[in-house]
Amino acid sequence: MKKLMVKLLLAALLMTLLAACQQTSTADESGEETDADQEEKTLRILTSVVGGKTPEEHAEFEKEIERLTGISVTIEKVPTDYDQRLLTSMSAGEQYDLVYMTKPMMDVLVDQGALTELTQSIQDSEILSDPAVIPTEEWELITYDDGKIYSVFNKFEGGTMPLIRQDWLEALGLEEPSTLDDYYHVLKAFAEQDPNGTGQDDTYGLTTAGLYDIQGFMSAAGVKARYVIEDDGSRTIPYATEAAIPVYEWFAKLYAEGILDPNFATNDSGNMQELFLSDRVGVVTYWDAWVGLFNNIRLNDDPNTSFMAKGLPGVPDENGEFMLRRGDPSVWAIPVNAEHPETALEFLEFWHTPEGNTVSTLGVKDLHYTVDENGEYELTELGEIANMDHGVVFPNNTNWENPFGTLPGVEEAQAVIIEHAQPEVSTADWPQAEKIVERYVFAAITGDMPAAEAVERMHGELLAADLIDN
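Residue numbers (mature numbering (1 follows the signal peptide of the UniProt record, and there is no 0)): -27 to -1, 1 to 443.
Here is the structure:
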């Protein structure tokens, strides 16, 4: 019996040695690994914003990522109902190596234990821990109370603000508005005084994409969107308080007089953009970056255009304070069931290098832009359509400079955001609360319900659902 055991142990040892020999046989004389010992790096990524604008461009974008990183990526881009798709996929245990989201959705998934903690990995990364790449204060936006971090930024988020047709103001001889009354008179003129010169009644003063984002006007009442968490931990939603009533009544007046686009509640951002670019509306509420993008689109269409978009700080409260919205951080996270978490982290480091900044903004070399022998960059026709946005408009990396410079008007708009914008507070409860808030605010604006009644019922329903504490 002992002899048999010895033979078995020797056989096992021999197999181990043979396996080791086979592994080391793939190394060359210098001891370095050859291609035969290296597994192909792959990633499966879910996103709503990153990649090409068409399926053909998207495939080229994936190839460009592989060329630059050596990682074979499959980027599944979901343009509509993204959060629902993300939640469904995660709940079903579908495996992705990286998923894109904003802070409110991250709050939900962190609460569910669905995301990998990245605190130590970020600290250990020379790229991600470099404050010149991602400023230290930015990390505070996505660090939880226990000091843990579960994601890495996709880009630097600016903020939302009223964007006005400055050329319409000048054409009609109007002053830049600063109070709600000022805005009413300017918006009424935009709707009634033929600012686009067509001779037809085909313009509105204002449009939005639902409540996205009326904060610049709610600022007049000192009312902040989403949650405010008091020192004792109690939750309030200022949009559901009496302070908001006068602003809802102001919107209702615009709606009743045909100054506010009647489709505001069902518009998506694309509808809003199209109305602004096609000379149909004088003010939209959108991102600071889009001041430059709007101006650039029209300049590309017609270098002699009079079109001029400008970002405004909204309306100050009685103390002269402005309250604009700083955008929810957009981030990449690694699910806990990811197959290739180390490769995912490698991709996140690449995303914040100059090469990653270039592909995420300009797109694919020789498809979206070209570089001549003198290092001069030029956008192709496809590049002009994409408008330097392949998921990122402004990278976090302060070491990177866009070779095309800054788009017209955007620096001034960003200065307003930096001075006046504040992050909003979201919790895991906000997606449920938002539905209630939207329903009653829409009812108040469209006149289906008096503003005071809408606020009272909104507050009561939120309280009954345990979504607020007072």
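Cβ coordinates follow ideal geometry from the N, Cα and C atoms, glycine included.
Item: M134: first and last residue of the uninterrupted beta strand (DSSP E) it sits in; Value: 132 to 138
Item: Exposure label - P235; buried when at least 16 CB within 10 Å; Value: exposed
Item: 8 angstroms Cβ cutoff met for N330 and Q68; Value: no
Item: Outcome for D186 when other beta-carbon atoms lying within 10 angstroms are tallied against a minimum of 16; Value: buried
Item: Segment contact, 8 angstroms Cβ cut-off, at least three pairs: the stretch 352 to 361 with the stretch 321 to 330; Value: no
Item: Burial state of E426, where buried means 16 or more other Cβ atoms lie within 10 Å; Value: exposed
Item: Cβ neighbours of E215 in the same chain (closer than 8 angstroms, five flanking residues each side left out); Value: A425, V428
Item: Selected residue, minimal CA-CA separation from P219, among I202, I18, P211, A194; Value: A194
Item: Beta-carbon proximity of G172 to I390, cut-off 8 angstroms; Value: no
Item: Backbone CA spacing between P381 and T152 [nearest angstrom]; Value: 26 angstroms
Item: Sequence-distant residues of its chain with Cβ nearer than 6 angstroms to L266 (five each side left out); Value: N360
Item: Per DSSP, cross-strand counterpart(s) of G284; Value: L136
Item: Residues near E111 in its chain [Cβ-Cβ closer than 7 angstroms; skip 5 each side]; Value: F126, N369
Item: Spatial neighbours of V304 in its chain, beta-carbon cut-off 8 angstroms, leaving aside the 5 residues before and after; Value: Y73, M74, T75, K76, M79, I115, S124, V125, F126, N127
Item: Extent of the continuous beta strand (DSSP E) to which Y259 belongs; Value: 254 to 260
Item: Residue burial classification, V288 (beta-carbon count within 10 angstroms, cutoff 16); Value: buried
Item: Beta carbon of S94 nearer than 8 angstroms to that of K50; Value: no
Item: Residue range of the unbroken alpha helix (DSSP H) whose run includes Y185; Value: No alpha helix (DSSP H) contains Y185, which DSSP labels as neither H nor E.
Item: Beta-carbon proximity check, G178 vs F163, cutoff 8 angstroms; Value: yes
Item: D97 and T316 closer than 8 angstroms at C-beta; Value: no
Item: Beta-carbon separation (whole angstroms), S212 vs A198, contact threshold 8 angstroms; Value: Per the sequence presented here, residue 212 reads as Tyr, with Ser not at that position. Yes, Y212 and A198 are in contact; Cβ-Cβ is about 6 angstroms, under 8 angstroms.
Item: Inter-stretch contact (C-beta, 8 angstroms, three-pair minimum) for the stretch 132 to 140 and the stretch 268 to 287; Value: yes
Item: C-beta atoms of A406 and L435 nearer than 8 angstroms; Value: yes
Item: Selected residue, minimal CA-CA separation from G66, among N372, A87, D56; Value: A87
Item: Bridge-paired residues (DSSP) for L88; Value: P308
Item: Among D119, E247, G170, Y117, nearest to T181 - alpha-carbon criterion; Value: E247
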